[in-house]
Amino acid sequence: MTTAPMPDDDLRLLEQACAWLAKMQSGEVSAADSQSLADWRAAAPAHERAWQRAQAVWQGLEPLRGRQIPGAEPLSQERGRQAVAEAGSGLRQMPRAPNRHRRQRYTLGLAACALLALTVVTFYPPLLWQADYVTGKGEQRRVVLADGSRAILNADSALAIRFDKLQRRVELLRGEAFFEVAKDGQRPFLAATDAGEVRAVGTAFGVRRSAAQTQVELVEGRVEIRAGGLVNPLAAGQTAAIAAGRISVAPGRAENMAVWRDGYLQFDGVPLAEAVERINSYRPGKVLLLNSAWADKRISGLFRLDALDQAVAGLGSAVPGLRIVQLTRYLVVLR
1 MTTAPMPDDD LRLLEQACAW LAKMQSGEVS AADSQSLADW RAAAPAHERA
51 WQRAQAVWQG LEPLRGRQIP GAEPLSQERG RQAVAEAGSG LRQMPRAPNR
101 HRRQRYTLGL AACALLALTV VTFYPPLLWQ ADYVTGKGEQ RRVVLADGSR
151 AILNADSALA IRFDKLQRRV ELLRGEAFFE VAKDGQRPFL AATDAGEVRA
201 VGTAFGVRRS AAQTQVELVE GRVEIRAGGL VNPLAAGQTA AIAAGRISVA
251 PGRAENMAVW RDGYLQFDGV PLAEAVERIN SYRPGKVLLL NSAWADKRIS
301 GLFRLDALDQ AVAGLGSAVP GLRIVQLTRY LVVLR
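Position 28 of the sequence shown, counting from 1, maps to 28 under full-length UniProt numbering, and the rest follow consecutively.
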């Protein structure tokens, strides 16, 4: 898994939230402290997100995969007043620890939170904090969204849901997904990546995100693709590639679209480097392409997802001169 660095502002806020959390765990919390924390959380949505992340760090890594964190819900004014009252009540009943012990507890708590924060940032990148649905290697997942639309996530994918009263927006953070959109003339359905977005009302289409581009396959209905100030309609049976603010439309065949839903992996003139990346999304272990001279060689083929060793072996036939060295069952090197 690639790990993008955490933005400086997010890291700074996480550090502040950890400091607050350590203080709240120190055993010496006043009503003023609780109110100050409530004010800090309410100051900006980013503060509240940082507080929830800090709580997730403190309580362990389990909450990062979408489980509810006790006490992590947004803080309302009423809850803020209640928290202050509870803190004041608890303060009257709490025996006061010696100052040296309080300082030690605070310092240890802050150090532990900071260490856990560093661990989470390194091994559980912000992508997992943003996603509502995540799939691992070789895993596919079907979900029904709040509006009745259906989404199928392909292997090694992440999807965030951002519905509101004006629109139904989903963000494909990684990988590939197929959408069967429930009709709602009042709220368009938007599927977005960093390259652009697909706008639909009621239709069925697939979106695949890679480092180089976003690809769209429209099975039925009509959609609009928006990128870099451009708007391009797409009709059923067409495909589109979005890259560098440009949209390229080409004819396709509906029966060949999103064949991974039926257990197949298809390459249609894709670069070898991309084919290897897609194989690694499904196959246990790792296929490494060590010779960059082969990276742009185009290959085609149709393989079963439950027989990807054949796909790896087939790369040698597709690219004459490519050497395939199987070091272990789980590690294959292409030279």
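Quick reminder that beta carbons are idealized off the backbone N, C-alpha and C, glycines included.
Inter-residue Cα distance where the pair is residue i and residue j
| i | j | result |
| --- | --- | --- |
| Lys183 | Tyr264 | 29 angstroms |
| Ala325 | Glu255 | Residue identity differs from the one stated: residue 325 is Val in this sequence, not Ala. Rounded to whole angstroms, Val325 to Glu255 spans 35 angstroms at the Cα level. |
| Ala43 | Cys18 | 17 angstroms |
| Glu15 | Arg53 | 10 angstroms |
| Lys165 | Ser149 | 16 angstroms |
| Ser30 | Asp39 | 14 angstroms |
| Leu218 | Val319 | 30 angstroms |
| Ala160 | Phe303 | 29 angstroms |
| Val143 | Ala46 | 28 angstroms |
| Leu230 | Val170 | 20 angstroms |
| Ala258 | Gln35 | 52 angstroms |
| Glu224 | Ala146 | 23 angstroms |
| Ser248 | Ala235 | 13 angstroms |
| Val276 | Gln140 | 19 angstroms |
| Gly136 | Phe267 | 21 angstroms |
| Trp294 | Arg283 | 21 angstroms |
| Leu190 | Leu172 | 10 angstroms |
| Gln167 | Gly185 | 10 angstroms |
| Ala250 | Arg208 | 16 angstroms |
Backbone secondary structure at residue i - three-state DSSP
| i | result |
| --- | --- |
| Gln35 | helix |
| Tyr264 | strand |
| Val312 | helix |
| Asn232 | strand |
| Pro251 | strand |
| Ser281 | helix |
| Lys165 | coil |
| Gln326 | strand |
| Lys286 | strand |
| Glu15 | helix |
| Ser149 | coil |
| Ser30 | coil |
| Ala212 | coil |
| Glu171 | strand |
| Ser89 | A caution first: Ser89 carries a pLDDT of 44, below 50, which makes its placement in the model unreliable, though a value can still be read off. Three-state DSSP puts Ser89 in a helix. |
| Glu139 | coil |
| Arg335 | coil |
| Ser300 | strand |
Residue i beta carbon near the ligand MG (any heavy atom closer than 7 angstroms)
| i | result |
| --- | --- |
| Val332 | By its list of ligands, the structure shown contains no ligand whatsoever, and the ligand MG lies outside what it can speak to. |
From the options, residue whose alpha carbon lies closest to that of residue i
| i | options | result |
| --- | --- | --- |
| Leu290 | Arg283, Gly301, Leu234 and Leu322 | Leu322 |
| Gln55 | Ala131, Leu13 and Ala250 | Leu13 |
| Asp156 | Phe163, Gly138, Arg162 and Gln167 | Gly138 |
| Arg226 | Val312, Asp194 and Gly252 | Asp194 |
| Ser317 | Tyr330, Leu327 and Leu334 | Leu334 |
| Val287 | Gly301, Ala313 and Ser300 | Ala313 |
| Gly221 | Gly228, Gln215, Ser210 and Gly237 | Gly237 |
(request) Would you be able to state if there are at least three C-beta pairs under 8 angstroms between the stretch 231 to 243 and the stretch 272 to 290? (result) no
(message) Using 8 angstroms as the cut-off, can you tell me whether the stretch 301 to 320 makes contact with the stretch 194 to 206, which would need three or more C-beta pairs spanning the two stretches below that distance?
(response) no
(request) Take every Cβ of the stretch 204 to 218, pair it with every Cβ of the stretch 167 to 186, and state whether three or more of those distances are shorter than 8 angstroms. (result) yes
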